[in-house]
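Data block below; observations after.
In my numbering, the protein residues as written are 676 to 987.
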């Protein structure tokens with residue numbers, strides 16, 4: 676842990692050149708064993724969530740609606756903490772400075788997800804169900820309670836959720852857009868008025884970032900901010916962050932299995948296809964695997980052609 680230097684009071688949030696520690700090092704060391712399974716599933720499962728296997732975005736909507744809850748609880752708890760009345764304790768002052776220094780409204784996803792889902796529902800009707808959501812509720816409750824008890828664990832959730840999107844999101848987005856406007860809109864909609872831009876604005880804004888660099892500048896700034904913020908953590912606090920990163924992965928896997936149950940009851944024919952002895956929740960695991968595969972592919976240096984895509 677030598678070489679730490681906390682700069683959260685420096686409003687420029689520059690990362691000192693002599694820093695030898697960063698949170699990513701701890702996270703990738705603690706989660707290295709996950710990448711083998713993630714890497715193999717990327718190659719085998721991608722086709723199962725796209726046309727011609729899927730004929731509408733309803734299954735995508737079901738899956739993304741549940742992941743939206745994770746982004747929402749993260750962002751609402753994060754913003755809520757840094758805007759809440761100060762408690763005038765040393766710990767509160769420290770954690771408030773850490774979270775405030777790392778917060779970036781430009782990368783918040785909750786509003787975009789809400790808009791995407793509203794537009795999908797307007798075209799396709801209700802796409803989620805409040806039933807069979809125990810794993811999702813446990814995850815949301817866990818994230819909320821953990822942030823309230825140890826605000827600095829926001830860094831674990833943020834690093835995974837946002838860096839995964841930055842590194843794997845562009846490639847996923849390309850596949851979703853390639854499905855074409857006819858996949859995202861009902862047949863009664865005039866094809867002449869549909870375009871990739873209309874799909875982006877209506878259904879897939881979650882996957883886009885504002886600006887001329889398609890999020891690359893935001894990614895670099897976000898990495899710098901989180902690295903700077905992590906310099907202020909003690910060894911025990913860093914361990915807590917790593918534990919919560921591992922916990923988030925387990926919660927997401929539980930959510931994916933839960934989505935499988937809901938999807939099988941609502942779209943049994945769409946999920947009847949199984950390949951390579953994989954289970955029937957493939958369309959939903961695609962999104963998680965690709966996002967998280969992008970995250971680990973970037974930091975673990977995986978050498979397959981698929982993971983190279985994420986290393987742009």
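By construction, the Cβ of each residue, glycine as well, lies at the ideal position given by its N, Cα and C atoms.
Here residue 886 carries a coil assignment [DSSP, helix/strand/coil]. Assigned with DSSP and collapsed to three states, residue 763 falls in coil, not helix or strand. Less than 8 Å divides the Cβ of residue 882 from the Cβ of residue 848.
Taking 8 Å as the cut-off, the Cβ atoms of residue 777 and residue 833 count as close. In the structure shown, residue 843 adopts helical secondary structure according to DSSP, grouped into three states.
For residue 854, the secondary structure class from DSSP, reduced to helix, strand or coil, is coil. By the C-beta density criterion, residue 750 is buried, having at least 16 other C-beta atoms within 10 angstroms.
Within a 10 Å sphere around the beta-carbon of residue 861 sit fewer than 16 other beta-carbons, which makes this residue exposed. The beta carbon of residue 837 lies closer than 7 Å to those of 782, 897 in the same chain, with the five residues before and after it left out.
DSSP, reduced to helix, strand and coil, places residue 729 outside both helices and strands of the structure shown, so it counts as coil.
Nearest in C-alpha terms to residue 876, of all of 814, 788, 909, is 788. The straight-line gap separating the alpha-carbon atoms of residue 804 and residue 940 is approximately 11 Å.
Relative to residue 757, the option among 791, 827, 910, 736 whose CA is nearest is 827.
Linking residue 764 to residue 740 through their CA atoms gives a straight-line distance of about 38 Å. Boundaries of the alpha helix (DSSP H) harbouring residue 795: 785 to 799, taken from the DSSP string. Residue range 809 to 824 is occupied by the alpha helix (DSSP H) that includes residue 811.
Taking C-beta atoms under 8 Å as the contact rule, residue 752 and residue 822 qualify, at a distance of about 4 Å. Taken atom to atom, the span from the alpha-carbon of residue 890 to that of residue 884 is near 5 Å.
Within the model, the alpha-carbon separation for residue 824 versus residue 831 is close to 14 Å.
Annotation: the continuous alpha helix (DSSP H) that includes residue 905 extends over 891 to 905. The C-beta distance from residue 899 to residue 737 rounds to 36 Å, too long to meet the 8 Å contact threshold.
Its chain contains 831, 832, 835 as the residues whose beta carbon lies nearer than 7 Å to that of residue 923, once the 5 sequence neighbours on both sides are disregarded; these appear in chain order.
DSSP, read as helix, strand or coil, puts residue 782 in helix.
For residue 733, the closest C-alpha among the options 773, 791, 820 is that of 791. For the 8 Å CB-CB criterion, residue 802 and residue 795 form a contact. Just so you know, the alpha carbons of residue 908 and residue 894 end up roughly 22 Å apart.
Residue 705 places its beta carbon less than 8 Å from that of residue 921.
In its chain, beyond the 5 residues on either side, 937 have a beta carbon closer than 8 Å to the beta carbon of residue 806. Look at residue 861 here: in three-state DSSP terms it is coil, with no helix or strand label.
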